[in-house]
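All remarks here apply to the structure that follows.
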Amino acid sequence: MASHESNYTPGTAIEKWVDDRLPIIRWSKTHLMDFPTPKNLNFWWTFGAILVMCLAIQIITGVVLAMHYTPHVSLAFDSVEHIRRDVNGGRIIQAVHATGASMFFFALYVHMFRGLYFGSYKAPREILWILGVLIFALVMATAFMGYVLPWGQMSFWAATVITNILGAVPVVGEPILQLLRGGFAVDNATLNRFFSLHYLLPFVVAAVVALHIWALHVPGNNNPIGVEVKSSRDTLSFHPYYTMKDAFFMVLFLIPFAWFVFFAPDILGHPDNYIQANSQVTPTHIVPEWYFLPFYAILRAIDFNILFIDSKLGGVIFFAGSILILFVVPWLDTSKVRSGTFRPVFKWFFWLFVLNFLALTYLGAAPAEGVYVLLSKIATAYYFLYFLVILPLLGRLETPRPLPTSISESVLAHH
Amino acid sequence: MNKPSSIVAAVLMAFTLGAIPATAQDEGGHATPTIQKQSWSFGGVFGTYDEHQLQRGFQVYRDICAGCHSARLLAFRNLSEHGGPGFSEGQVKALAAEYEIRDPEAENGVRPGVAADRWPSPFATEQDARDANGGAIPPDFSVIAKARGVTEAFPANIWNYITAYSEAGPDYIYALLTGYEEVPPEGSEIPEGKYYNHVFPGHAIGMSPPLADGSVEYADETFPRTLDQYARDVSAFLMWAAEPHLVARKEAGFRVMLFLVLFAGLMWFVKERLWAPVHREEKLESEKHAA
Chain A
29 MASHESNYTP
39 GTAIEKWVDD
49 RLPIIRWSKT
59 HLMDFPTPKN
69 LNFWWTFGAI
79 LVMCLAIQII
89 TGVVLAMHYT
99 PHVSLAFDSV
109 EHIRRDVNGG
119 RIIQAVHATG
129 ASMFFFALYV
139 HMFRGLYFGS
149 YKAPREILWI
159 LGVLIFALVM
169 ATAFMGYVLP
179 WGQMSFWAAT
189 VITNILGAVP
199 VVGEPILQLL
209 RGGFAVDNAT
219 LNRFFSLHYL
229 LPFVVAAVVA
239 LHIWALHVPG
249 NNNPIGVEVK
259 SSRDTLSFHP
269 YYTMKDAFFM
279 VLFLIPFAWF
289 VFFAPDILGH
299 PDNYIQANSQ
309 VTPTHIVPEW
319 YFLPFYAILR
329 AIDFNILFID
339 SKLGGVIFFA
349 GSILILFVVP
359 WLDTSKVRSG
369 TFRPVFKWFF
379 WLFVLNFLAL
389 TYLGAAPAEG
399 VYVLLSKIAT
409 AYYFLYFLVI
419 LPLLGRLETP
429 RPLPTSISES
439 VLAHH
Chain B
13 MNKPSSIVAA
23 VLMAFTLGAI
33 PATAQDEGGH
43 ATPTIQKQSW
53 SFGGVFGTYD
63 EHQLQRGFQV
73 YRDICAGCHS
83 ARLLAFRNLS
93 EHGGPGFSEG
103 QVKALAAEYE
113 IRDPEAENGV
123 RPGVAADRWP
133 SPFATEQDAR
143 DANGGAIPPD
153 FSVIAKARGV
163 TEAFPANIWN
173 YITAYSEAGP
183 DYIYALLTGY
193 EEVPPEGSEI
203 PEGKYYNHVF
213 PGHAIGMSPP
223 LADGSVEYAD
233 ETFPRTLDQY
243 ARDVSAFLMW
253 AAEPHLVARK
263 EAGFRVMLFL
273 VLFAGLMWFV
283 KERLWAPVHR
293 EEKLESEKHA
303 A
C-alpha cells in the first residue's frame, strides 16, 4: 500500500517547482490524504489519532511549563505552585499537563489492548508492534521522571523507591543507580537530570511515533476482521473519512479530559504530593500513579527467593519481563487468525487477561499484606501464562470460526 | 465485538481504570476513622467561595493559626482578588502595612509590608519553629487543604469521580479541628505533651486544641462563636488559600465544556453526513446480494 501510485499532479508552477525538489506535498497527499484505509475500522481504531493528540498536548504544555519551572530542590515545589497561582493561564496549563499524563496512559492501554484483541501484532506488522511497545516503555520513563519534577513527597519517594530497584541488578546495578541519581541518594543532581531527560524523551517518542506510522503505512491498517485488504472496494481514502472520524473521537475524548482539568484537577493525584519533598519523613504509604500500578503489583508479587535469585532481583526480573515480553508477542501467538472475533476460545482468555490487568492495577495500590499478597501472585502468574502458555498453545488447539472472504463481504453481512 | 458492546466495554474500562487511583490512598488509611463529608459552598461543580465565610476564616487564621503556621505562598494581594474573600485593595494595603517583612535590602533588614508581599512566616528558621513547638514543625498552610485527604474504598469512590469531589482537604481539616477528645479512650497511650485526636493518624497530635468556643470575636453576631463554626470557616479559608482561583477555573471549565459538547455534536453530524453515501452504497449492494 505504501507502494500505491501517487495521483498527485502539481496544480501550479510553484507546486511543480517544489515537487521537483522536495516532494513533500506529494508525500502528504499520498500518506495523509489518499492513504487507502480499511472501510470497517471501528471506534477502537481512533485511539491512534487520540494518542498523537495526547503527545502533542503534553509537548506543548510541557514546553510552556518549562519556561516557568525551576529544577532545584529548594525551588521546584514553589515554582510549580507559582505556575498555578501567578502565571497567566498557568493553572490550566499545569492541570492539562498533569491530567494529560493520565489521559495519555488511558489511551495507550486501550490502544494496546485493541492490538492484542485484533491480533494487530501479527505478520506483517511485527515491527509496527515492536515500535509501539518501545513507545510505551519510553512514555513510562518520561511520565515517571515528570512525576518527580514537582518535588512533592510522592515525587521524592517514588524516585527513591523506583531507582532503588535498579540497585538489585548484579554487578552493573549499583554504578547505574549512582549514575542515574547523580550521587548516592535522590537529590538535586537527580532532579536536574530527570528534568533534562523529561524534556528530551518526548521528542524521542515523537521520532519513534514517526517510525511507528511509517511501519503502519507499509502493510496498511489491520482491521476488525483481520482479513487483509483485497481490492479498492475494501478501502476508503484516509481523508476525509478517517480524518473526520478520528477528529470527532478526539473531541469526544477531550470532554472527560476537560472534566478532570477544570473540575477535579487533583483527583488523579495523591495529596502527599502537595507536601514538599523531605528525605527525613517517609510517607506512610508510597504508591505510584495509577498507570504504573499493574507493573508495581508484579514487582511486589515476587517476595520469595527463586534458587540463587533473591526476592528483590526476582521482582525486578518479573517487572522488566512484564514489559519485555510484549516485544515478542508476535512470535508467541501461533494462531494464523488475527482477529479475536473469530477465535471462540481466545476471546475468553483475552477478556480474562483484561480483567486480570485491572485486578493487578487494584492490587498495586493495596497493602502488601493478607489476601492481597496471594492474589498478586495469582494475577502475576496469569499475566505471564497468557503470553507464554496460552497464546502459543491456543493457536494449535483452537478451531477458529470461518473467516469472511473479504472486508467488503463482512461489511455487507452487517447490513 | 460489535458496536454497542464495545461502547459498554469502553465505558466500563473508563470507570474501572478511573476508579483505581483513589484506592491507592484507601489502603494507606492506617485505621483512620471515616471522615464525614461536609457541605461546602465551594463544593461540587457549581460551588463558589462564600466571601463572608472566607473573611471569618481569615480572621480565625490570623488570630489563632498564624502564630505558629506560616503560609509562605499566600500573598496579601490574593485577599483582594476575584473569587476570594473580597477585601478592597485599600484594606489589603493597610493590612500588609501592619506587618514587618524581612528584607535584606531594607534599612535594619525589615520594612512594612506591601500588597505584593507574601504572608510573613512566624518563625525565621525551621529550627526556631521546632524549638517553639516541642520539636514538631507546624506545617505550612499555603496548600495544606490539598495536602490532606480522606480515604474511601472502591467502589464507593467511583461517585467521587462523577461528582468531581475535591473537598477532601477541608473535610479532613474540619474533622481534625473538631476531633480532639479531652479524655483519651481506654487503652490509648498519649505521650507527655501530645493530645488525643481521633482523626489524626496515630491519634497523638503535637498541636494542643487550637480552637474553643468563644476564642475568636466575629464582628458579625449572626454567626455563633463556636468551635464548630470556627473550624468550618477556617477550613474554607484554607481551601481558598490552596486554590485561590477555584472560581475562575470552574468558570473557564463551563465555557470549555459547553464548547466541547457543542463542537462534538457538530462533528458528529458532519461525520455522519460524510459517511452516509458509503453506508448507502453498502446497503444497496447488500440488498442486491439478497435479491
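Each protein sequence line maps, in turn, to chains A and B. Numbered per the working numbering, the first sequence finishes at 443, counting up by one with no gaps. Numbered per the working numbering, the second sequence finishes at 303, counting up by one with no gaps. Glycine is no exception: its CB is placed at the ideal position from the N, C-alpha and C atoms.
- Of the other Cβ atoms in all chains shown, fewer than 16 fall within 10 Å of the Cβ of residue 39/A; this residue is therefore exposed.
- Residues of the region 98-129 of chain A with a C-beta less than 7 Å from any C-beta of chain B: 106, 109, 113, 119, 120, listed in chain order.
- With a threshold of 16 other beta carbon atoms within 10 Å, residue 169/B meets it and is buried.
- Taking a Cβ-Cβ threshold of 8 Å, none of the residues of chain A is close to residue 270/B; the smallest such distance is about 10 Å.
- The criterion of a C-beta distance shorter than 8 Å is satisfied by residue 290/B and residue 264/A.
- For the options 210/A, 135/A, 267/A, 157/A, the alpha carbon positioned closest to that of residue 282/A is the one of 135/A.
- Between residue 256/B and residue 63/B, the C-beta spacing is not below 8 Å.
- Looking from the CA of residue 134/B, the closest CA among 126/B, 153/B, 128/B belongs to 153/B.
- Close partners of residue 67/A in chain B (Cβ separation under 9 Å): 290, 294.
- Fully enclosed alpha helix (DSSP H) runs of no fewer than 4 residues occupy 201-209, 216-245 of the region 201-262 of chain A, in order along the chain.
- Every alpha helix (DSSP H) of 4 residues or more that sits fully in the region 175-200 of chain A is shown, in chain order, as 181-194.
- Pairing residue 258/B with residue 60/B, the inter-Cα distance amounts to about 8 Å.
- At least one beta carbon of chain A lies nearer than 8 Å to the beta carbon of residue 287/B.
- In this structure, residue 96/A keeps its C-beta atom at 8 Å or more from the C-beta atom of residue 80/A.
- A straight line joining the alpha-carbon of residue 155/B with that of residue 407/A spans about 38 Å.
- Beta bridge pairing from DSSP links residue 112/B with 124/B.
- With a 10 Å radius around the Cβ and a threshold of 16 neighbouring Cβ atoms, residue 44/A comes out exposed.
- As the crow flies, the alpha-carbon of residue 298/A is around 35 Å from that of residue 100/B.
- By the C-beta density criterion, residue 219/B is buried, having at least 16 other C-beta atoms within 10 angstroms.
- Beta-carbon to beta-carbon, residue 297/B and residue 440/A are separated by about 6 Å, close enough to satisfy the 8 Å threshold.
- One alpha carbon belongs to residue 322/A, the other to residue 350/A, and they sit about 10 Å apart.
- Neighbours of residue 300/A in chain B, taken as residues at a C-beta separation under 8 Å, are given in chain order as 159.
- Beyond the five residues adjoining it in sequence on each side, residue 76/A comes within less than 7 Å, by CB distance, of 139 in the same chain, given in chain order.
- Residue-level contact check: residue 405/A does not touch chain B, since none of the beta carbons of chain B fall below 8 Å from its beta carbon.
- Put simply, the region 209-217 of chain B touches the region 184-201 of chain B. At least three CB pairs are less than 8 Å apart.
- Using a Cβ-Cβ cut-off of 8 Å, residue 294/A counts as an interface residue toward chain B, since at least one Cβ of chain B sits closer than that to its own.
- Around residue 282/B, the beta-carbon contacts reaching into chain A at under 7 Å are 272.
- DSSP places residue 64/A outside any alpha helix (DSSP H); the residue lies instead in the beta strand (DSSP E), whose first and last residues are 64-66.
- Looking from the CA of residue 239/A, the closest CA among 41/A, 341/A, 143/A, 156/A belongs to 156/A.
- The alpha carbon of residue 414/A has as its nearest neighbour, out of 385/A, 436/A, 435/A, 397/A, the alpha carbon of 385/A.
- Here residue 177/A is buried: its Cβ has 16 or more other Cβ atoms, across all protein chains shown, within 10 Å.
- Chain B places a beta carbon closer than 8 Å to that of residue 287/A, counting this residue as a contact.
- Within the model, the alpha-carbon separation for residue 198/A versus residue 151/A is close to 37 Å.
- Residue 124/A is positioned such that its CB atom lies closer than 8 Å to that of residue 85/A.
- Of all C-beta pairs linking the region 76-93 of chain B to the region 106-126 of chain B, three or more are shorter than 8 Å, placing the two stretches in contact.
- Beta bridge pairing from DSSP links residue 50/B with no other residue.
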